[in-house]
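All remarks here apply to the structure that follows.
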Amino acid sequence: MTTSHTTSAPSHFEILDPRFEDCVRSSAQIEQLYTGCRWAEGPAYFPAQRSLVWSDIPNERMLRFDECTGQVGVFRQPSGYSNGNTVDREGRLITCEHGGRRVVRTEHDGSLTVLADRYQGKRLNSPNDVVVKSDGTIWFTDPNYGITSNYEGIKAEQEQPGCYVYRLDPLTGELRVVVDDFKGPNGLAFSPDERTLYIVDTEQDCGTMRRFAVGADGVSLSGGEVFITCETGFYDGFRCDEEGRIWTSAGRAIHCHLPDGTLIGRIKMPERVSNLVFGGPKRNRLFICATTSLYAVLLAVDGAKTF
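In our numbering, the protein residues as written are 286 to 592.
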């Protein structure tokens, strides 16, 4: 059993292992950058623009935070009940839409390209979270949260026989199922070396994250065992830092796990956390979407490079 250690870190940092002290600094504070959302989700950081885009799902809008000025404005409305977002290798925004039941790309001129909306002739459920691998392929989860009611999408019949995890090759248009045994696949992320893919299941009795080994072909997955569990909340979105530590939402907190799964510390948050992303010029500013607000905290570690 892990126990808390006496530390000079502020009260919102809970040190469970001395190694967490290397990740945080006593002067670091949680900053509330914006509030007024109904359910904030899917932050994506643009290095060239020093800006962050995120989704406010029930309000059907996407917002943009300018890191240089601190100003927030509407990025897109209506947004198709967008949820997860990420940036591809060419600096374009990739978005999961609950309402459109599709994955779209925002081109440099602002136009939208539909990347995926059907599998084997049937509409997707409601794409949720998305990551881009270094080879340009797009991996996303497809639970049914956006079609069960009109709160985070448009109520509709489910056409797919299950809730799958997909891999899309944007060059060929090939869409394939890579995992088919999740109840509610949600957040996902690759380890820094891309040899491991972590995926959250939000339809279990507790927070559950599974771990898959990526094959030498860069496509096939094996394993899938439960990697970590959280008894105090549900995992949703998460990201890795450059040393492979996992920073994950966990109810009203962010948990930091070592690559072997050891929980070394928590950041206590004032609201339930949905998702997070590393950003800033050094990738050491953790941007956090939590219920009604966008927060940030400056860390002593850098996020894994994903762009």
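C-beta atoms are modelled at their ideal positions from N, C-alpha and C, and glycine is treated no differently.
{"Query": "7 Å Cβ cutoff met for isoleucine 423 and leucine 453", "Result": "yes"}
{"Query": "Selection from Phe298, Arg480 and Gln445 that minimises the alpha carbon distance to alanine 501", "Result": "Arg480"}
{"Query": "At least three beta-carbon pairs within less than 8 Å, the segment 546–554 to the segment 296–309", "Result": "yes"}
{"Query": "Residue from Gly509, Gly469 and Gly458 whose Cα sits closest to the Cα of glycine 421", "Result": "Gly458"}
{"Query": "Presumed contact (8 Å Cβ cut-off) between valine 399 and arginine 387, rounded CB distance", "Result": "6 Å"}
{"Query": "Residues bridged to proline 470 (per DSSP)", "Result": "Asp486"}
{"Query": "Helix, strand or coil at glutamate 316 [DSSP, three-state]", "Result": "strand"}
{"Query": "Inter-stretch contact (C-beta, 8 Å, three-pair minimum) for the segment 341–357 and the segment 390–399", "Result": "no"}
{"Query": "Under 7 Å between C-beta atoms of leucine 337 and glycine 564", "Result": "yes"}
{"Query": "With 16 other Cβ atoms within 10 Å as the buried cut-off, status of threonine 288", "Result": "Its pLDDT being 32, under 50, threonine 288 is placed unreliably in this model, and the value from its coordinates should be taken loosely. Threonine 288 comes out exposed."}
{"Query": "Close-in-space but distant-in-sequence residues of the same chain around glycine 546 (CB under 7 Å, 5 per side omitted)", "Result": "Phe512 and Ile513"}
{"Query": "Coil, strand or helix - glutamate 306 by DSSP", "Result": "helix"}
{"Query": "Length of the line joining the Cα atoms of threonine 591 and valine 417", "Result": "8 Å"}
{"Query": "Reduced DSSP category for cysteine 322 - H, G, I as helix; E, B as strand; rest coil", "Result": "coil"}
{"Query": "Where the beta strand (DSSP E) through histidine 540 begins and ends", "Result": "538–542"}
{"Query": "Of the listed residues Val372, Asp402, Gly522 and Ala329, nearest to glycine 492 (C-alpha basis)", "Result": "Gly522"}
{"Query": "Cross-strand partners of alanine 401 (DSSP beta bridge)", "Result": "Val388"}
{"Query": "Given valine 462 as reference, the closest of Leu456, Pro446 and Gly588 once Cα atoms are compared", "Result": "Pro446"}
{"Query": "Residues that DSSP places opposite asparagine 560 in a beta bridge", "Result": "Cys574"}
{"Query": "Where threonine 533 falls, given that 16 or more other Cβ within 10 Å makes a residue buried", "Result": "buried"}
{"Query": "Cβ-Cβ distance between glycine 384 and tyrosine 366 below 7 Å", "Result": "yes"}
{"Query": "Straight-line gap, glycine 327 to tyrosine 483 (C-alpha atoms, nearest Å)", "Result": "17 Å"}
{"Query": "Among Glu510, Gly472 and Ile531, the one whose alpha carbon lies nearest that of serine 559", "Result": "Gly472"}
{"Query": "Aspartate 490 versus Gly503, Glu516 and Ser296, residue with shortest Cα-Cα distance", "Result": "Glu516"}
{"Query": "Residues bridged to methionine 494 [DSSP beta-bridge criterion]", "Result": "Val485 and Ile513"}
{"Query": "7 Å Cβ cutoff met for glycine 509 and phenylalanine 519", "Result": "no"}
{"Query": "Collapsed DSSP secondary structure at methionine 554 in the structure displayed", "Result": "coil"}
{"Query": "Extent of the continuous beta strand (DSSP E) to which serine 364 belongs", "Result": "Serine 364 -> no beta strand (DSSP E), and no H or E assigned at all."}
{"Query": "Neighbour-count burial assignment, asparagine 435, 16 or more Cβ in a 10 Å radius", "Result": "exposed"}
{"Query": "Leucine 348 - containing beta strand (DSSP E), residue span", "Result": "346–351"}
{"Query": "Best match in Asn368, Arg374 and Arg335 for proximity to cysteine 574 [C-alpha to C-alpha]", "Result": "Asn368"}
{"Query": "Within 7 Å, strictly: CB atoms of alanine 589 and proline 412", "Result": "no"}
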